[in-house]
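In the working numbering, the protein residues as written are 57 to 307.
To keep things clear, I will list the structure first and then write my remarks on it.
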Ligand code: SF4
């Protein structure tokens, strides 16, 4: 059972260490990825007792608040989103991310969207209005079965690839975030994104000790080893570069 609350946020455009700003229209994430680092601290920070993936606070005043913040902010890049997926299922109803993009367009702040959802395709009409924009999908595996186990609330890998194709067809710069490196077939994964992704980012499982129990319960401990992360990343980098895809290893 999902607990939904409509809340009044105090700030939507927040300083970030990775980009100039991050923007999270929701607190909580229905995608419920079992390896989610945001889940580790956002529950504590927000005071929610429900498990990660079972609560979402909807920042109902988000677009209005953003409008005011943008009028005072120094121009900078915006990461959508850092501790939730801005295109999780509730976005279909609330359209907060869509309304935020509409507020950003007149200011033309560079935008970097990272999602696991093909719902982002709904906003193609707005995305093509940005001068500096990148849209990327998190693909921690090539397997729909593995994704369903680790990311139970997120759209399948197949759906994400189809959405990536539609975005690339609009000549938008795209990226794929391969992280955390879940059980995967490197050759198949790179073949799936070849010609669709301009850049690939790679990352290992972070805060790994927090997730060991899950790996053990599913007999997947060999995919939890440092050697697995290093060897798989090395193979993915070589395969991606052979396809002319730019790569950046983050660990
Ligand atoms: S989509 Fe991202 S924010 Fe949402 S649960 Fe998964 S890892 Fe966490």
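The C-beta atom is built at its ideal place from N, Cα and C for all residues, glycine as well.
Classify residue i: buried if its beta carbon has 16 or more other beta carbons within 10 angstroms, exposed otherwise.
| i | result |
| --- | --- |
| residue 253 | buried |
| residue 225 | exposed |
| residue 154 | buried |
| residue 299 | exposed |
| residue 258 | buried |
| residue 184 | exposed |
| residue 147 | buried |
| residue 181 | exposed |
| residue 163 | exposed |
| residue 121 | buried |
| residue 152 | buried |
| residue 325 | Residue 325 is absent from the structure shown; the chain starts at 57 and stops at 307. |
| residue 98 | buried |
| residue 74 | exposed |
| residue 263 | exposed |
| residue 302 | exposed |
| residue 127 | exposed |
CA-CA distance, residue i and residue j?
| i | j | result |
| --- | --- | --- |
| residue 304 | residue 103 | 35 Å |
| residue 294 | residue 251 | 16 Å |
| residue 213 | residue 228 | 20 Å |
| residue 79 | residue 242 | 32 Å |
| residue 158 | residue 281 | 44 Å |
| residue 288 | residue 297 | 14 Å |
| residue 59 | residue 236 | 27 Å |
| residue 240 | residue 91 | 16 Å |
| residue 219 | residue 177 | 6 Å |
| residue 232 | residue 100 | 30 Å |
| residue 171 | residue 197 | 14 Å |
| residue 203 | residue 211 | 9 Å |
| residue 145 | residue 86 | 7 Å |
| residue 325 | residue 165 | The shown model of the chain, from 57 to 307, leaves out residue 325, and the question about it has no answer. |
| residue 292 | residue 246 | 7 Å |
| residue 268 | residue 137 | 26 Å |
| residue 207 | residue 123 | 33 Å |
| residue 83 | residue 89 | 15 Å |
| residue 260 | residue 216 | 21 Å |
| residue 283 | residue 238 | 13 Å |
| residue 94 | residue 108 | 9 Å |
| residue 175 | residue 193 | 11 Å |
Put residue i into one of helix, strand or coil per three-state DSSP.
| i | result |
| --- | --- |
| residue 283 | helix |
| residue 71 | strand |
| residue 340 | Not covered by the structure: residue 340. The range shown for the chain is 57 to 307. |
| residue 62 | strand |
| residue 110 | coil |
| residue 304 | strand |
| residue 91 | coil |
| residue 118 | helix |
| residue 212 | coil |
| residue 276 | coil |
| residue 195 | coil |
Segments assigned beta strand (DSSP E), at least 3 residues, entirely inside the region 120 to 189: Segments of the beta strand (DSSP E) lying fully in the region 120 to 189: 134 to 136 and 167 to 171.
Minimum length 4: unbroken alpha helix (DSSP H) runs contained in the region 214 to 268: 242 to 249
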